[in-house]
């Protein structure tokens, strides 16, 4: 029954033969479950030695090894080689089925191969029999390997799996994968995670990448077909929109007529609004310009009160004397004190709120005390009672750490000694000696200041805001028996430069018509630069408040012209599918560029269509587009007509320009003056030949956007007469326009052409009638056709100098000795040579436009209308790099000073 050589490996061959016969009998009778455990141990030994392996396999295993050297009897006794055995025990209980020996399974053979490979790969002197514990771990590793190999086979391409399997088996044969496999079996449950085994992870990643690449290829092909269809549909819809816009353009004559009707309606509406403003201001808010002698104050107040004669109600007078910033004109201070005394002598219902000087960085503590004593002595001499002191309290609302303004200001409630029982003694502010706390105005909300112009020390203490002044007036009226029909006249004898009492009264009266407040302000006639705001500036601010109120009120006519019958609305947007309509102009939506990937053929086709769109509808200047609000409807239809003059339009100041660079070592010209680089502005240099250079002193590339380059400091305006055709004067900057394409700066620091600004004022502000100071402006007309009248050009005007040659000249103040130029004052270096100020297609003089009847003009600036890009040299970042702004063609220059007034 046994091969001839097999008994050589069994101690006691007769016993072995009997055991084999017994085992076969137990199998035939199916009594395996009834055999005791201790018998199974002996049976397992014989079974493992003789019953499992074929003769050739058994010979290979045992040859030159010997069972006692290869494995222990415990391994055999615990049936590791038996069918049905599973190494999924203890922590690997969940892997029991995956680690089980099966009929024809590869697991036993792989385990045997690993056992022999590990034995043969070990040095003879280090070999030892395989214990059950080691055999169990090795069996688990073999089962896990085969399981993950099957997982890989399911996802790998059939042509590549054989090479992957060969590579993995080689690594497994040397035991490289055992730690990862055992860790993954313990950490997961079936089917496990093959990527926890490093060798499998590499192949799986390669398979997944191949799958993704194939899937991406399919998706790209699908996306390309979708994009092509999308592009075809999009271009068709854009063509449809262009057809709609073209039909609208073909009807330009009728639209020009509609625009003219809109402007006529707007002009008539404007006249009604100005009439309302005039009436309202006369009844509620009066401004008078007075000489420093103040002789016109009392007569002016009496004239203002005359309108209330015969009207029921009492009259109370609250004089205001703001000496927070002490006036520099001593005569004005003395005469204003006398004027206050004369007003308080008129009635016991009159008193004066006097704000005394306060400490600030531009004055000394000694000067503050001196000025207070001067006022007190002056008031006492005028028979006024200065005993009632009032503290004006403030509170900071923004919590700014740099706001070091005092939270209180000393004030006086002046009463005339001629009256034994003045009415204002009942005021809680007078009796308690305090008013407030009133909210402080934030620095960012100061009048006349922005990011580049910071408030001075005087302005920081002078401006308090309308809310603070309203709280002050309300605090004084508390405790008084003031009825609704009564009137409290705020007589602003010495207003601050922002006329905040006047602004506060106008704000209150517009918000609450039943308020008893009325206002009369006496504005000192200017006697030099810095004397204060002109009466026209203050009047404009107050009238603008009233105008804006009327413009939004129900008393005002509709903002847009009512349509006649079934006539189409000239302001209505056309029915567009893709293109957008913004403020009366077609625009290309930026979102269209996101429809296709950058660099794709579809985007290239879209760019061609965009070029076609721009050729028919050029984009509006960027600043004009920013200025146009999109939250309110247009009051007037129509666009600036740039179809005339060969299609000439305002210069595009958004273009990019790269200037040549000169290193400091090569910059050897003689300079009239220089200005250091600061706050993102370049360094400046003006040579003796009046060439203007900009410099980069940083160690990085300098990219400048269009914006203000430098200013001309303060100065005076003079009326002059120029000969026809003369545009410059060496003594200053001449106010001259050549056409309506000249660029100007709006009050909110935006740059646009005059025609665009006039359109903006009409469509956004409702101002239909404007003239340009020192110029003659007429509506441009299309040539009349046979049998038809001439049609006006939409928002295009002819601008010429006055026949008399009269204009104005801004004459900047010359630099004092040892004065270092700054960006705000650099222009004064052109002193007596202002005809040489740079005027070309890179830089030019721009004037700020103010819509008012203005006698004072400010903020003359030189501004870029091209983006300047300076490249830094690569070899040396320590030198200054200079670019010449003067050596360019001037034929494209279009900008000259401009000023608008109503």
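In full-length UniProt numbering, the protein residues as written are 1 to 902.
Where is the CB? At the ideal position from N, CA and C, for every residue including glycine.
Does DSSP put residue i in a helix, a strand or coil?
{"i": "residue 354", "result": "strand"}
{"i": "residue 552", "result": "helix"}
{"i": "residue 477", "result": "helix"}
{"i": "residue 782", "result": "coil"}
{"i": "residue 83", "result": "coil"}
{"i": "residue 20", "result": "helix"}
{"i": "residue 677", "result": "coil"}
{"i": "residue 388", "result": "coil"}
{"i": "residue 796", "result": "strand"}
{"i": "residue 57", "result": "Residue placement at residue 57 cannot be trusted, given a pLDDT of 46 that sits under 50; what the coordinates show is reported in the next sentence. In this structure, residue 57 counts as helix in the three-state DSSP scheme."}
{"i": "residue 734", "result": "strand"}
{"i": "residue 720", "result": "strand"}
{"i": "residue 806", "result": "strand"}
{"i": "residue 90", "result": "helix"}
{"i": "residue 641", "result": "coil"}
{"i": "residue 775", "result": "strand"}
{"i": "residue 729", "result": "strand"}
{"i": "residue 588", "result": "coil"}
{"i": "residue 636", "result": "coil"}
{"i": "residue 686", "result": "strand"}
{"i": "residue 695", "result": "strand"}
{"i": "residue 647", "result": "helix"}
{"i": "residue 98", "result": "coil"}
Between the alpha carbons of residue i and residue j, how many angstroms are there, rounded?
{"i": "residue 805", "j": "residue 676", "result": "40 Å"}
{"i": "residue 146", "j": "residue 165", "result": "10 Å"}
{"i": "residue 344", "j": "residue 373", "result": "21 Å"}
{"i": "residue 18", "j": "residue 123", "result": "38 Å"}
{"i": "residue 698", "j": "residue 518", "result": "57 Å"}
{"i": "residue 705", "j": "residue 655", "result": "10 Å"}
{"i": "residue 46", "j": "residue 203", "result": "Interpretation of residue 46 is limited by its pLDDT of 49, a score under 50 that renders its predicted location unreliable; the figure taken from the coordinates is listed afterwards. Straight-line Cα distance between these residues: approximately 43 Å."}
{"i": "residue 712", "j": "residue 426", "result": "53 Å"}
{"i": "residue 809", "j": "residue 539", "result": "24 Å"}
{"i": "residue 382", "j": "residue 290", "result": "21 Å"}
{"i": "residue 240", "j": "residue 609", "result": "12 Å"}
{"i": "residue 27", "j": "residue 148", "result": "35 Å"}
Between residue i and residue j, is the Cβ-Cβ spacing less than 8 Å?
{"i": "residue 96", "j": "residue 88", "result": "yes"}
{"i": "residue 130", "j": "residue 75", "result": "yes"}
{"i": "residue 524", "j": "residue 760", "result": "no"}
{"i": "residue 754", "j": "residue 767", "result": "no"}
{"i": "residue 435", "j": "residue 390", "result": "yes"}
{"i": "residue 577", "j": "residue 237", "result": "yes"}
{"i": "residue 395", "j": "residue 440", "result": "yes"}
{"i": "residue 392", "j": "residue 408", "result": "yes"}
{"i": "residue 509", "j": "residue 284", "result": "yes"}
{"i": "residue 729", "j": "residue 835", "result": "yes"}
{"i": "residue 832", "j": "residue 696", "result": "no"}
{"i": "residue 301", "j": "residue 491", "result": "yes"}
{"i": "residue 459", "j": "residue 446", "result": "yes"}
{"i": "residue 819", "j": "residue 720", "result": "no"}
{"i": "residue 431", "j": "residue 475", "result": "no"}
{"i": "residue 843", "j": "residue 746", "result": "no"}
{"i": "residue 351", "j": "residue 414", "result": "yes"}
Going by DSSP, what residues sit across from residue i in a beta bridge?
{"i": "residue 524", "result": "290"}
{"i": "residue 599", "result": "DSSP output for residue 599 lists no bridge partner at all."}
{"i": "residue 408", "result": "393"}
{"i": "residue 316", "result": "488"}
{"i": "residue 811", "result": "716"}
{"i": "residue 321", "result": "354, 494"}
{"i": "residue 259", "result": "DSSP lists no partner for residue 259."}
Counting only C-beta atoms, is residue i closer than 8 Å to chain B at any point?
{"i": "residue 470", "result": "The structure shown contains no chain B; it is built from a single protein chain."}
- Flag this pair as touching only if the segment 539 to 551 and the segment 349 to 359 have three or more C-beta atom pairs under 8 Å; answer yes or no. no
- Query: Counting pairs of Cβ atoms below 8 Å between the segment 218 to 225 and the segment 173 to 189, do you hit three or more?
  - Reply: no
- Message: Under 8 Å, with one C-beta from each stretch per pair, do the segment 132 to 150 and the segment 90 to 109 reach the 3-pair mark?
- Response: yes
- Query: Does the segment 485 to 503 come close enough to the segment 298 to 316 that 3 or more CB-CB pairs lie under 8 Å?
  - Reply: yes
- Message: Is it the case that the segment 295 to 308 contacts the segment 465 to 474, given that we only count it when at least three CB pairs across the two stretches are under 8 Å?
- Response: no
- Task: Spell out a yes or no on whether the segment 656 to 663 and the segment 812 to 825 are touching, meaning 3 or more CB-CB pairs, one atom from each, closer than 8 Å.
- Result: no
- Message: Can you confirm whether the segment 778 to 785 touches the segment 663 to 683 when touching is taken to mean that 3 or more C-beta pairs between the two stretches lie within less than 8 Å?
- Response: no
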